[in-house]
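Visitor: Could you have a look at this structure, given as structure tokens, before my questions?
Residue numbers (the numbering used here): 63 to 312.
Rendered as structure tokens:
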């Protein structure tokens, strides 16, 4: 299907009356929504205040030179789930100030994902979950202004071909319950996990555990916690291939 989709708030959608958009074959290769032209007039999928929607077994694709992102969230989307979805193209972005419960599970993501939640009356975007996904792009997952994040069981393979501040997982200006667990991160020119002004609590520290990280040419640390506090880092495997003395796994 060569088209774009815009979904706003759907009357009647609720925790009981959810909406699922999926392929009948349960294979994302069979249904692709795309616009491969560089001058596309909007994101392939734009959600504006949409709630209780699940996309399953579908592909979304656009040109990497498009002026618009592949997927964009706006105006507080709640309980939106992508399950077994294939993303290829420009990038996935969020320009909403308070998305709640965005879930990505078992997705194949060949694009950068930049989710910027923002702050509204001191409250941040809450409840992001990214589990069992494969990322294959120059950057993996970048999150800004979030509260309560789960990143578990993903594979991040960076396609970056030169050192240009690329990361597998980058989280900034965030707080609350944040768990980064059982991820595999590999990139010759990408750092692994970078935390920038991320704050947890003594009662519930941020947890980085059981991750495997390999790479390091042109980068510094595999795990970097800059101006971040209350973090438990346990049972991770870090391998740096940069032999310079100022480079280290942590």
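Ideal placement from N, C-alpha and C gives every residue a C-beta, glycine not left out. Quick caveat: nothing in here was measured; it's all calculated off a predicted structure.
Using beta-carbon positions only, say whether residue 132 and residue 67 come within less than 8 Å of one another.
Guide: Result no, Cβ atoms of residue 132 and residue 67 do not sit closer than 8 Å.
Visitor: Going by other Cβ atoms of all chains shown within 10 Å of its Cβ, with 16 needed for buried, is residue 201 buried or exposed?
Guide: With 16 or more Cβ atoms within 10 Å of its Cβ, residue 201 is classed as buried.
Visitor: Look at the alpha carbon of residue 136 and the alpha carbon of residue 243, and state the distance between them as a whole number of angstroms.
Guide: Their backbone Cα atoms lie some 28 Å apart in a straight line.
Visitor: Suppose the cutoff is 8 Å on Cβ atoms and the five residues either side in sequence are ignored; what does the same chain contact list for residue 89 look like?
Guide: Around residue 89: 119.
Visitor: Under a three-way DSSP split, which group does residue 263 fall into?
Guide: Here residue 263 sits in coil by DSSP.
Visitor: Of all the beta strand (DSSP E) runs that stay within the bounds of the segment 70 to 120, which reach a length of 3 or more residues?
Guide: Taking only runs of at least 3 residues, the beta strand (DSSP E) segments lying wholly in the segment 70 to 120 are 81 to 84, 94 to 97, 107 to 110, 113 to 118.
Visitor: Who are the Cβ neighbours of residue 257 in its own chain at under 6 Å, not counting the five residues just before and after it?
Guide: Here the set comprises 233, 287, 290.
Visitor: Quick check on the burial criterion: 16 or more other C-beta atoms within 10 angstroms. Buried or exposed for residue 284?
Guide: So residue 284 counts as buried.
Visitor: If you run the structure through DSSP and keep just helix, strand and coil, what is residue 268?
Guide: Residue 268 falls in the strand class under three-state DSSP.
Visitor: Return the residue from the list 274, 228, 72 that minimises the CA-CA distance to residue 215.
Guide: For the residues 274, 228, 72, the minimum Cα distance to residue 215 belongs to 274.
Visitor: So for residue 138, helix, strand or coil by DSSP?
Guide: Residue 138 falls in the coil class under three-state DSSP.
Visitor: Give every residue of the same chain whose Cβ lies closer than 8 Å to the Cβ of residue 294, excluding the five residues on either side of it in the sequence, and list them in chain order.
Guide: Correct list, in chain order: 267, 268, 269, 270, 271.
Visitor: Can you list the beta strand (DSSP E) stretches of 3 or more residues lying completely in the segment 189 to 247, in chain order?
Guide: 196 to 199, 203 to 206, 208 to 214, 217 to 220, 228 to 243, all fully within the segment 189 to 247.
Visitor: I'd like the span of the beta strand (DSSP E) that includes residue 274, first residue to last.
Guide: Start and end: 274 to 277.
Visitor: Is the beta carbon of residue 154 sitting closer than 8 Å to the one on residue 173?
Guide: Yes, the pair counts as a contact, with Cβ atoms nearer than the cut-off.
Visitor: Which residues bound the beta strand (DSSP E) around residue 64?
Guide: Here residue 64 belongs to no beta strand (DSSP E), and DSSP marks it neither H nor E.
Visitor: If you compare alpha carbons, which of 76, 212, 249 is closest to residue 335?
Guide: Given that the chain is displayed from residue 63 to residue 312, the structure contains no residue 335 and the question cannot be resolved.
Visitor: Taking the C-alpha atoms as reference points, what is the distance between residue 129 and residue 264?
Guide: C-alpha separation (whole angstroms): 44 Å.
Visitor: Rounded to whole angstroms, what is the Cα-Cα separation between residue 308 and residue 254?
Guide: Any reading at residue 308 must be qualified, since the residue scores a pLDDT of 49, below 50, and its modelled position is unreliable; the value itself is stated next. Rounded to whole angstroms, residue 308 to residue 254 spans 16 Å at the Cα level.
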